[in-house]
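Numbering (the numbering used here), first residue to last: 115 to 219. A virtual CB, placed ideally from N, CA and C, is assigned to each residue, including glycine. If you're wondering where the values come from, they're calculated on a predicted model, not measured in any experiment.
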């Protein structure tokens, strides 16, 4: 899936601002076990083992995965947080069109 980087950033930010997201790989993993997330976003430099686990859980739960092209630092900045974000779970996309982007795959 190739969206212009700026669109992905805008969609993620809108999602954080208007919807409900949970940040962090551990939290995301736990939420995937319940099947609650609508989407999982994984940063490009997320540790390989963690990314593989998140993908496996996402597949089992039927939750789409969005590979964020930037680093966890960049994803943190896009989320408006002063820390790194290697993964995030989108619980409610709010006014964001991020779910349409994933469905177009």
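Beta-carbon separation (whole angstroms), residue i vs residue j, contact threshold 8 angstroms
i	j	result
residue 184	residue 127	Residue 184 to residue 127, Cβ: 13 angstroms. No contact.
residue 174	residue 153	Their Cβ separation, rounded to whole angstroms, is 15 angstroms, which puts residue 174 and residue 153 out of contact at 8 angstroms.
Through-space distance from residue j to residue i, alpha-carbon basis
i	j	result
residue 134	residue 123	16 angstroms
residue 182	residue 157	5 angstroms
residue 116	residue 171	Confidence in residue 116 is poor, its pLDDT being 43 and thus under 50, which makes the residue's placement too unreliable to answer from.
residue 178	residue 191	23 angstroms
residue 149	residue 176	8 angstroms
residue 121	residue 145	26 angstroms
residue 125	residue 217	14 angstroms
Option in the options with minimal Cα separation from residue i
i	options	result
residue 151	207, 214 and 170	207
residue 166	200, 196 and 137	200
residue 129	197, 143, 198 and 189	189
residue 159	147, 198 and 125	198
Beta-carbon proximity of residue i to residue j, cut-off 8 angstroms
i	j	result
residue 139	residue 164	yes
residue 132	residue 210	yes
residue 136	residue 213	no
residue 141	residue 168	no
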